[in-house]
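Per the working numbering, the very first residue in the sequence shown carries number 37; after that it's consecutive.
No residue lacks a Cβ here, since even glycine has one placed at the ideal position from N, Cα and C.
Here is the structure we will look at.
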Amino acid sequence: LFVGMFLAWGIFTPYLSNFEFDSAKNAVDLASSVWSSKVRLIGTGAIAIAALWTLIELLKPVIEGIKEIVKNVKITNQEKNERTNIDLSLKSIFILFVLMVVGLFITFYSFVEDANLSIYYQMLFSFVGTLVSVLIGFFVAAACGYMAGLVGSSSSPISGIGLIGVIISSIVFLVLGVELFQDPMLSKFAVALAIFTTSVILATAAISNDNLQDLKTGHLVGATPWKQQVALLVGCVFGALAIVPVLNLLYQAYGFVGA
């Protein structure tokens, strides 16, 4: 943080201010303008690149972890009967995954159907949004969860994940509907859809941070994994049910900036 602050205000802002000199502005206003329009974007790019590099570095341990999961399917009955080795079955995980994907598709469709689009584009954007969320969310959850379990959630690159998510989502939707988004209203819809998709990816990353820390702690104290996993699933469901009406109440009462 200190290095970033020094680079931003001690080097980049003074240097770039030379190219933005305006005699009508005082030094403070000029520096703030340069920081807001240029230097802040440099910092944003640095965060995104750092997060991407972290994901690349974590790719190998994530793949090894997946191989370990597949290997554990073949463990002996004696090992399976040990309480601390019992996870949710693959059948249960598959059923939950299918339910999650279906629910996610319905959520995307309910968001997209309010736009003035044909049924073809409604289904297309709903399907692609779901696919992007699941694919990116899988790798993001694995990488962020690995970091959270290894070091802690404070070391998880979640802010950079958000930047990567919104960039990828924006590119995908732009490629799919480049002709549609010439319309100003549909262009705003595209921005909202990219942000909505990113929110799903960020929720995946945040939940993986929380869950992996809980599972790691449970492993250290000898907890039963499948019971923890059920409790975490219940927590996610009730958390989602509680957050939505609260946010809606706040929006109806006070509104959100820019909404």
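What are the boundary residues of the alpha helix (DSSP H) that includes residue i?
i, result
"residue 196", "194-212"
"residue 284", "261-290"
"residue 52", "49-53"
"residue 224", "220-257"
"residue 188", "Run containing residue 188: none; DSSP gives neither H nor E here."
"residue 70", "63-70"
Residue i and residue j look like a contact to me (Cβ under 8 Å); what is the Cβ gap, rounded to whole Å?
i, j, result
"residue 166", "residue 144", "5 Å"
"residue 194", "residue 241", "5 Å"
"residue 245", "residue 162", "Wrong, their Cβ atoms sit about 27 Å apart, outside the cutoff."
"residue 212", "residue 160", "6 Å"
What does a CB cutoff of less than 8 Å around residue i pick up in its chain, not counting 5 residues either side in sequence?
i, result
"residue 120", "255, 258, 259, 260, 261"
"residue 188", "249"
"residue 112", "Confidence at residue 112 is low in this model, with a pLDDT of 48, below 50, so its placement is unreliable and no value can be given for it."
"residue 88", "196, 200"
"residue 185", "248, 249, 251, 252"
"residue 94", "178, 179, 182, 183"
"residue 84", "196, 199, 200, 203"
Classify residue i as helix, strand or coil using the three-state DSSP reduction.
i, result
"residue 125", "coil"
"residue 112", "In this prediction, residue 112 scores a pLDDT of 48, lower than 50, which makes its location untrustworthy; no coordinate-derived value is stated."
"residue 40", "helix"
"residue 45", "helix"
"residue 150", "coil"
"residue 118", "coil"
"residue 104", "helix"
Apart from the five residues just before and just after residue i, which ones in its own chain have a Cβ nearer than 7 Å to its Cβ?
i, result
"residue 79", "40, 44"
Between which residues of its own chain and residue i is the CB-CB distance below 6 Å, once the five residues before and five after are set aside?
i, result
"residue 283", "none"
"residue 217", "223, 226"
**Asked** Does the region 41-56 come close enough to the region 75-86 that 3 or more CB-CB pairs lie under 8 Å?
**Response** yes
**Request:** For the region 220-234 and the region 146-155, state whether three or more C-beta atom pairs, one from each stretch, are separated by less than 8 Å.
**Result:** yes
**Message:** For the pair the region 163-181 and the region 226-243, tell me if three or more CB-CB distances fall below 8 Å.
**Reply:** yes
**Asked** Hey, is the region 94-102 in contact with the region 176-188, meaning 3+ C-beta pairs nearer than 8 Å?
**Response** yes
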